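In full-length UniProt numbering, the protein residues as written are 1 to 212.
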């Protein structure tokens, strides 16, 4: 089955060299991947036809779900602070009601459980000799970022709700990026170096588009 996917360089115009632990250089390979025909496959899946092959499932659960892994954290908190200041920081409750909330409640609603389903789906996927390393590295990557969303995000959100000075909040965000951003990049690149050749080998079709 032909599945078309597109990889977009959404944050970089060229490969970014960054320092990660012990002065070791790695190349940033972050891409944005998505189904061009996602709705089509969603409908087919619900009818029990057009089921994805094993390689397609691996690519989807590793590469597509990897889209949610952030390229830095500053943008998230800048948006939260801007919306909070404007009085437009809201969530949709279980009763489908729009409710104004603080930063902690917003983070708990939008980020804390973001990777729960992705981690569960990876654990449920059959591990084969060819994919064992891919799935192990992907699970490690998702779990690492998941802990940032569950621990570090609420901590900084609490600083926002407590009215800490922007300079203090910015310093906490910068520290998070400095301490853990490079580790995320390294884990992401390790997965990228395996999942793309695997997709090519098994005919999972995608398009690569370098954004200006």
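By construction, the Cβ of each residue, glycine as well, lies at the ideal position given by its N, Cα and C atoms.
Since we're looking at a predicted model, the values are computed, not measured.
{"query": "Distance between residue 66 and residue 155 (C-alpha atoms, nearest Å)", "result": "24 Å"}
{"query": "Cα-Cα separation between residue 97 and residue 202, rounded to whole angstroms", "result": "45 Å"}
{"query": "Rounded straight-line distance, which links the Cα of residue 56 to that of residue 39", "result": "For residue 39, the pLDDT reaches just 34, beneath the cut-off of 50, and the residue's location in the model is therefore unreliable, leaving the point undetermined."}
{"query": "Contacting residues, own chain, Cβ-Cβ under 8 Å from residue 218 (five flanking each side not counted)", "result": "For residue 218 there is no data in the structure shown, the boundaries of the chain being 1 and 212."}
{"query": "Assumed close pair residue 77, residue 173 - CB separation to whole angstroms, cut-off 8 Å", "result": "5 Å"}
{"query": "Buried/exposed call for residue 85, threshold 16 Cβ in 10 Å", "result": "exposed"}
{"query": "Straight-line gap, residue 108 to residue 53 (C-alpha atoms, nearest Å)", "result": "35 Å"}
{"query": "Member of 179, 134 and 122 whose CA lies at the smallest distance from the CA of residue 190", "result": "134"}
{"query": "Sub-7 Å separation of residue 127 and residue 61 beta-carbons", "result": "no"}
{"query": "Through-space distance from residue 69 to residue 176, alpha-carbon basis", "result": "15 Å"}
{"query": "With 16 other Cβ atoms within 10 Å as the buried cut-off, status of residue 199", "result": "buried"}
{"query": "Whole-number beta carbon distance between residue 118 and residue 142, since they are thought to touch under 8 Å", "result": "5 Å"}
{"query": "Assigned exposure category for residue 146 - 16 Cβ within 10 Å defines buried", "result": "buried"}
{"query": "Backbone CA spacing between residue 181 and residue 95 [nearest angstrom]", "result": "36 Å"}
{"query": "Cβ pair residue 111, residue 153 closer than 7 Å", "result": "yes"}
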